[in-house]
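The sequence shown maps to residues 8 to 125 in the numbering used here.
These notes are about the structure you will find just below.
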Amino acid sequence: YHVLNVCYVEAGWTINESRMVSGEAGASFVENDMRKKPFSSGYLLYGAFQSDGRWFEGVGGQLRVRLGEQSGPVYQVQALVVTTTPLTSDQKRQVRAMFEAARKVLILQVLAQLEKQP
């Protein structure tokens, strides 16, 4: 797991606002409003889950990994919408709903694949 803000800034994006958001079932993820010259606006959502299906707790989770209190892989999920104008609040709500639905499906798919491994 790593903070994607750094990757996007290095790719030329400017982050106008970044915040941690709590979604369904207390799962948290990062929400960024971004801009890339000359004409792009970006809306980025990302979060991660562990191999047992629990949501990864970001920076606090990274510390537990470093201290050896957490083991196993972490899977990061992201959604990026790029437009020429910033999204409206309603459009952001729609993207968040899609992102949370996709995270649920991805967790089930990853867990099913892990069960098949010897």
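The beta carbon of each residue, even a glycine, is placed where N, CA and C say it ideally should be.
Per DSSP, Ala55 is one residue of the beta strand (DSSP E) stretching across 47-57. Rounded to the nearest angstrom, the gap between the Cα atoms of Gln83 and Trp20 is 20 Å. Apart from sequence neighbours up to five positions away, the residues of its chain that approach Ala109 with a beta-carbon distance below 8 Å are Val84, Ala86, ordered along the chain. For Glu122, no pairing in a beta bridge is given by DSSP. Residue state for Arg42 is assigned as strand, using DSSP reduced to three classes.
For Leu11, the enclosing alpha helix (DSSP H) starts and ends at 11-17.
For Phe46 and Thr91, the gap between their C-alpha atoms comes out near 6 Å.
Bounds of the beta strand (DSSP E) holding Leu87 are 81-90. Setting aside the 5 residues that flank it on each side, Val16 is surrounded in the same chain by Ile22, each with a C-beta closer than 7 Å to its C-beta; the list follows chain order. With respect to the C-alpha of Ser29, the residue from Asp40, Tyr50, Trp62, Val10 having the closest C-alpha is Trp62.
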